[in-house]
Amino acid sequence: MEYRELGKTGLKIARVGFGGIPIQRIDVEKTRALMQEMVKKGVNYIDTARGYTVSEQYLGEALKGIRHHFVLATKSMSRDKEGMLRDIDTSLANLQTDFIELYQLHNPKLEELERIYAPDGAMQALIQAKQEGKIGHIGITAHSLAVFEKALELEEIETIMFPYNIVENQGEELIARCKEKNIGFICMKPLAGGAIEDGRLAMRYILQNDAVTVVIPGMAELAELEQNVQAAEEPSKLTEKEVDAIQQVRQQLGQNFCRRCNYCAPCTVGINIPSVFLFEGYLNRYGLEKWAKERYATLSVKASACVQCGVCETRCPYELPIRNMLKQAAEAFGE
Numbered sequence: 016m017e018y019r020e021l022g023k024t025g026l027k028i029a030r031v032g033f034g035g036i037p038i039q040r041i042d043v044e045k046t047r048a049l050m051q052e053m054v055k056k057g058v059n060y061i062d063t064a065r066g067y068t069v070s071e072q073y074l075g076e077a078l079k080g081i082r083h084h085f086v087l088a089t090k091s092m093s094r095d096k097e098g099m100l101r102d103i104d105t106s107l108a109n110l111q112t113d114f115i116e117l118y119q120l121h122n123p124k125l126e127e128l129e130r131i132y133a134p135d136g137a138m139q140a141l142i143q144a145k146q147e148g149k150i151g152h153i154g155i156t157a158h159s160l161a162v163f164e165k166a167l168e169l170e171e172i173e174t175i176m177f178p179y180n181i182v183e184n185q186g187e188e189l190i191a192r193c194k195e196k197n198i199g200f201i202c203m204k205p206l207a208g209g210a211i212e213d214g215r216l217a218m219r220y221i222l223q224n225d226a227v228t229v230v231i232p233g234m235a236e237l238a239e240l241e242q243n244v245q246a247a248e249e250p251s252k253l254t255e256k257e258v259d260a261i262q263q264v265r266q267q268l269g270q271n272f273c274r275r276c277n278y279c280a281p282c283t284v285g286i287n288i289p290s291v292f293l294f295e296g297y298l299n300r301y302g303l304e305k306w307a308k309e310r311y312a313t314l315s316v317k318a319s320a321c322v323q324c325g326v327c328e329t330r331c332p333y334e335l336p337i338r339n340m341l342k343q344a345a346e347a348f349g350e
C-alpha cells in the first residue's frame, strides 16, 4: 500500500481510504469486521458524515480497541457556529473519540460560503474546535466546480473532496491545482455512484493521477475492500487494454450520465437537476432507499415539475436526454 501526506495537514494516509455511506445498510458487526480487515491491509483513512444516519455510530462501536490505527474524517451540513459546534460534539460522541483528525464543511453552495464565514458562521466553530483540540484540520466537500475553485483560495481549507472518476473528470484541472497548493485532494464517487461496474478499472484510472491524494470508495463488503486494495497495489501506469476499456465505459455511460457540471442551470421552473440525478443514484445504485428519499424530499422543486421545455438540454455539453431522465426520476421517487 502506498501512503501520501494529506496536503498541508501532514497526516500520512493510504491512497485508498474508506467511504462510510454504504455501511448504513449493514450493521455494527459487519462494520467491525471491515475495520479489522482494513487494519491488516493498511487502509487507515475513514470518511463519514453527520448526514449518513447511523454511519458515525456504527464506526464508533466498530473502532473500539483499534481507533489508533485510523485517521478519522467526518463532516457537517451546519452553516452557523452554534449548529457546527453541536455537530462536532455529536460526532465526537458517536465516534467514541475525543479527537477527530479532519472535520469538513459538507457540500456548501457557493452562496452559503458567505454565511459560513460570517462572525457567527460555521468556520468560527471549526476554528474554535481546532483551538480546543477537538479537531485537527478543516476541509470542504463539493459537487460544484465553482465551490471547488473558491475553496482553493480559502486559507483555512486544508483538504478538498470532489467527485472524480472515468466519466466525471470535469474537476481535473482544479485537482492539479490542489497538488500545486499542497491541499489534500480526496476523491469521492470513484465508481460514479455505482454506475461504473468494473471497480478495479475505476480505481486504476483514479490512482494513476498523481494529484489524487486518496480515493474513498464506499464499502460494505469484505470482497469490495479486497478488490480496491488489489487495484491500489498494481503498477500505476495504465495498459493499452485498460485505456480501451475506459473509453468503452465512457461510451456506454456518456448518453445517460450526469457529471454534475451544472451547465444545465438555471432550470425554467427551478429544478436542481444535478441533485435530482445524484439522489436517484443513491436510490437505484446504493440501495439506500429511505435515505435517498429523505434527501430528495428536501428539494423545493421536484422532478415532476418539469414542463418539458428542453432548454436544459441545449446547454448540456454531454447532450443528455434530461427531460426523459427527469421523468424517470419523478417516477422513481413518486413525485
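By our numbering, the letter at position 321 of the sequence shown is numbered 336, and the numbering carries on one by one without gaps.
C-beta atoms are modelled at their ideal positions from N, C-alpha and C, and glycine is treated no differently.
In this text, all values refer to a predicted model and were calculated from it rather than measured experimentally.
- The Cβ atoms of G208 and R300 lie closer than 7 Å to each other.
- For D259, the uninterrupted alpha helix (DSSP H) segment begins and ends at 255–268.
- In this structure, DSSP gives M176 an extended state, which the three-state scheme calls strand.
- Per the C-alpha coordinates, the member of A133, H83, L110 positioned closest to G57 is H83.
- For A238, the closest of T68, I190, M53, Q139 by C-alpha to C-alpha distance is M53.
- Three or more Cβ pairs closer than 8 Å define a contact, and the region 227–247 meets that threshold against the region 193–207.
- The region 274–289 makes contact with the region 314–321, as at least three CB pairs between them are under 8 Å.
- Counting along the chain, A29 sits inside the beta strand (DSSP E) bounded by residues 27–29.
- For I150, the enclosing beta strand (DSSP E) begins and ends at 150–156.
- Between L120 and I155, the C-beta spacing is below 7 Å.
- Runs of alpha helix (DSSP H) with 4 or more residues, each lying fully within the region 35–68, are found at 43–56, listed in chain order.
- Ranked by Cα distance from P123, the options K23, E17, M176 are led by M176.
- K90 has Q119 as its beta-bridge partners, per DSSP.
- The distance from the Cβ of G22 to that of I198 is about 5 Å, consistent with a contact at the 8 Å cut-off.
- When C-beta atoms of the region 161–176 are compared with those of the region 124–139, three or more pairs fall below 8 Å, so the two segments count as touching.
- In terms of Cβ geometry, I150 and I115 form a close pair [threshold 7 Å].
- Per DSSP, C282 is not a residue of any beta strand (DSSP E), being assigned neither H nor E.
- Excluding five sequence positions before and after C331, the CB atoms of its chain that fall closer than 8 Å to its own CB belong to Y278, C279, I337, given in chain order.
- Taken through DSSP and simplified to helix, strand or coil, R300 comes out as coil.
- Membership of F163 in the alpha helix (DSSP H) is indicated by the continuous run 160–166.
- Leaving aside the five residues that flank M50 on each side, the residues in its chain whose CB is nearer than 7 Å to its CB run, in chain order, A77, L78, I81.
- Secondary structure of E71 (DSSP, three-state): helix.
- By the criterion of a C-beta distance shorter than 7 Å, M138 is surrounded in its chain by I131, Y132, E171, once the five residues flanking it on both sides are discounted.
- Annotation: the continuous alpha helix (DSSP H) that includes C193 extends over 187–195.
- With contacts defined by Cβ atoms closer than 7 Å, V182 and F294 do not form a contacting pair.
- For the pair C321 and C327, the Cα-to-Cα distance works out to about 11 Å.
- Every unbroken stretch of the alpha helix (DSSP H) spanning 4 or more residues and falling wholly within the region 124–148 is given here in chain order: 127–131, 137–146.
- Where Y220 is concerned, there is no enclosing beta strand (DSSP E), although the alpha helix (DSSP H) around it starts and stops at 214–222.
- Annotation for F114: no beta strand (DSSP E) segment contains it, and DSSP assigns it neither H nor E.
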